[in-house]
Every structure is written in C-alpha cells, then in structure tokens.
Amino acid sequence: MKILVDGDACPVRELTESNAKKHGIAVMYFINDSHIVHSEYSKVITVSSGRDVADFEIIKHACAKDIIITNDYGLAAMALAKRTYVLSFSGLLYDESNIDSLLMQRHIGMKERRNGNYTKGPKKRTKQDDLNFDAALNRLIEKQISQE
C-alpha cells in the first residue's frame, strides 16, 4: 500500500505525511511543472503542464488498495475503477455510492459555466476540514493494515 497525492494545491500535505510516517507508508506527490513541492519523506513526481497529465500519471502508478488523495472527481472515478481507496481533502471517502452524483454535479457546473453562469468558489478551508481529513485518513490506513 502507498499513498498517491494529487499534489497541485493540496492543503493536506503535512497531515498526509504525518499519518504515513506513523505507519511507515510511502507517499508520492504528483505535481505539474508550474508548482514546486519539496519533501524530506515523500517522493515528488513532476509532470508537464497540461490537462489531466498528473491525473493519468497517478493512475499509471496506482495499484489496488492504494490510497489516492484528490478533490478531482474525474480522477476519483478512474482510481475507483483500479480498486483503490480515494479520499478528498476534507475527508470524504469517494466510493461507488457517491461518485456518480458527484460527477453529475461536476457536469452540471461545467454546463452552467459554459452558459456564463458562475457560482462562488469553494468555501474557505477550516480547522474542522483538517480534523476530518486526518481522522478519515487514519481510519483508512488502520483498516488497510488490519486487513493485511
């Protein structure tokens, strides 16, 4: 098991690494070449800029039972097809019961934006988001370890 992180603008790097270190799990960050990420613990993989380039690189490295951390619903759907566990930056576990509705929300939002209708951006990240993510990641790791 390893943790693969959609690293561009990822707000949970420190939480991810602290949980991974505690359990001795490898972490890989995937970023495009317009970002700079350094880590003493994790491997950082830099890909060229371009639509979904990092997503496809993550999928290429993903194996069943790996943990993927992303807020990208499209990447989450591809990762679920590879039988990975997928966690959002706020601790939501993507699975077969919620991915279709999330993809539909994304589709509707894209149609609205094409028509010139823009909504507010995402809510400001809170300390509770960090706590939720940390707890969800820890639960997921411990569940995986107990099943090995």
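The sequence shown begins at 1126 in this note's numbering and counts up one residue at a time. Here a beta-carbon is modelled for each residue, glycine too, at the ideal position from N, C-alpha and C.
Chain-order list of residues whose beta-carbon lies under 7 Å from that of Ala1189 (same chain, five-residue window excluded): Lys1207, Arg1208, Thr1209
Distance between Gly1234 and Glu1165 (C-alpha atoms, nearest Å): 38 Å
Segment limits, beta strand (DSSP E) that includes Thr1171: 1168–1172
Stretch pair the region 1138–1151 + the region 1259–1266: three plus CB contacts closer than 8 Å: In short, these stretches touch, since the Cβ pair count reaches three.
Length-filtered (4 minimum) alpha helix (DSSP H) runs lying within the region 1220–1272: Counting only runs of 4+ residues, the alpha helix (DSSP H) found wholly inside the region 1220–1272 occupies 1224–1239, 1252–1272, in chain order.
Inter-stretch contact (C-beta, 8 Å, three-pair minimum) for the region 1129–1142 and the region 1251–1264: yes
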